[in-house]
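Undergrad:
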Amino acid sequence: MILDEAKGYPSADGCTVTRDMVEAWDAAYSSGMLPDGYTFDGPVRVGRPRLSDGDMTVVTVRMPKAQKEALERDAGRRGMSLSGYVREVLAVRAS
1105 MILDEAKGYP SADGCTVTRD MVEAWDAAYS SGMLPDGYTF DGPVRVGRPR
1155 LSDGDMTVVT VRMPKAQKEA LERDAGRRGM SLSGYVREVL AVRAS
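The sequence shown maps to residues 1105 to 1199 in the working numbering.
(1) Starting from the C-beta of Met1137, find all residues in its chain whose C-beta is less than 7 Å away, skip the five residues before and the five after it, and write them out in chain order.
(2) For the alpha helix (DSSP H) that Ala1132 lies in, which residues bound it at each end?
(3) Rounded to whole angstroms, what is the Cα-Cα separation between Gly1141 and Trp1129?
(4) From which residue to which residue does the alpha helix (DSSP H) around Asp1140 run?
(5) Compare the Cα-Cα distances from Met1167 to each of Glu1176, Asp1145, Ala1132 and Gly1112 and report the closest residue.
(6) Just to confirm my understanding: we take Arg1191, look at its own chain, exclude 5 residues before and 5 after, and list those with CB closer than 8 Å. What are they?
(7) What first and last residue would you give for the alpha helix (DSSP H) that runs through Asp1178?
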C-alpha cells in the first residue's frame, strides 16, 4: 500500500488520520490537555501492569549456559522475554 500524506493514513479501525489531527493531538498533549472528544476515566497507573494478583517472588535456577541460550532463542522466536517464557513453561508443567 502506498501512503499519501495529503490524504492521511489509515488507522487500525479504518479511520483516516491526517497530519492536522496529529498536530492537534500533539499540541493538546504538550500543553497537558486532552484533545477534543477525548475523556480520561481514572487514576494514572505508572509502570507495567502486574503479572499476577498475588505476591510475586524470585526463583534462582542454575543451568548450563547452552540451555539458557536455547531458552532465550525460544523466547525470542515467540516475541517473549526470557522471564515470561520461563513462567509460561513452568505454569504448563505445574498444572
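All C-beta atoms, glycine included, are put in the ideal place defined by N, C-alpha and C. In this text the structure is predicted, and so the values were computed from the model without any measurement.
TA: Straight from the coordinates:
(1) Nothing meets the Cβ criterion.
(2) For Ala1132, the uninterrupted alpha helix (DSSP H) segment begins and ends at Arg1123 to Ser1134.
(3) Those two C-alpha atoms are separated by around 11 Å.
(4) Run containing Asp1140: none; DSSP gives neither H nor E here.
(5) Met1167 has its Cα closest to that of Glu1176, out of Glu1176, Asp1145, Ala1132 and Gly1112.
(6) Once the five neighbours on either side are set aside, the close Cβ partners of Arg1191 are Leu1155.
(7) Lys1169 to Arg1181 is the extent of the alpha helix (DSSP H) around Asp1178.
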